[in-house]
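Working notes, beginning with the structure itself.
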Amino acid sequence: MAKGMILNIVATECSAENEARFNKWYNEVHVPMLLKFKDLKKVGRYQLTGESKDQAKYLAIYGFESKEALDAFPKSPEFAAAIEEMQGSWKDGETTIKWIATYEPIQTWER
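Residue numbers for the sequence shown, in my numbering: 32 to 142.
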């Protein structure tokens with residue numbers, strides 16, 4: 032495997048009426064809770080440009096330095112606390128995780 036971060040990507044949707052609340056919560060509550068896990072090194076959030084019925088509106092990209100760190104993450108108390116808080120903050124159907132995928136680096140080019 033090439034040098035670089037293991038990326039865990041989570042694609043999410045929320046209803047238009049919940050967007051402001053969702054983004055505030057994700058940025059100010061959810062990500063800070065997850066970052067308490069010391070082996071989670073980087074988090075980036077992205078939103079879709081334009082309209083698409085086939086793609087999720089939001090991506091969160093979580094970076095880990097090793098597969099072992101990624102594997103430990105969902106078993107951690109920090110992750111459990113963040114999920115419990117999420118379930119208390121959002122009713123079923125207010126947000127949807129469309130898909131989750133993990134990628135490992137092949138090669139990186141930089142200028």
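We treat Cβ as the ideally placed atom computed from N, Cα and C, and that holds for glycine.
Burial check for Asn58: the Cβ neighbour count within 10 Å stays below 16, so the residue is exposed.
Scanning Gly124, Leu101, Ala111 for the CA closest to the CA of His61 turns up Ala111. The Cβ atoms of Phe104 and Leu38 do not sit closer than 9 angstroms to each other. In the DSSP assignment, Lys98 is bridged to no other residue. Less than 9 angstroms divides the Cβ of Thr43 from the Cβ of Thr127. The bridge partners DSSP lists for Gly75 are Ile92. In the DSSP annotation of this structure, Ile114 is not part of any beta strand (DSSP E); the continuous alpha helix (DSSP H) holding it starts and ends at 108-120. Pairing Gln78 with Leu65, the inter-Cα distance amounts to about 20 angstroms. Rounded to the nearest whole angstrom, the C-alpha separation of Glu116 and Lys34 is 34 angstroms. Taking all protein chains shown into account, Ala113 has 16 or more neighbouring C-beta atoms within 10 Å of its C-beta and is therefore buried.
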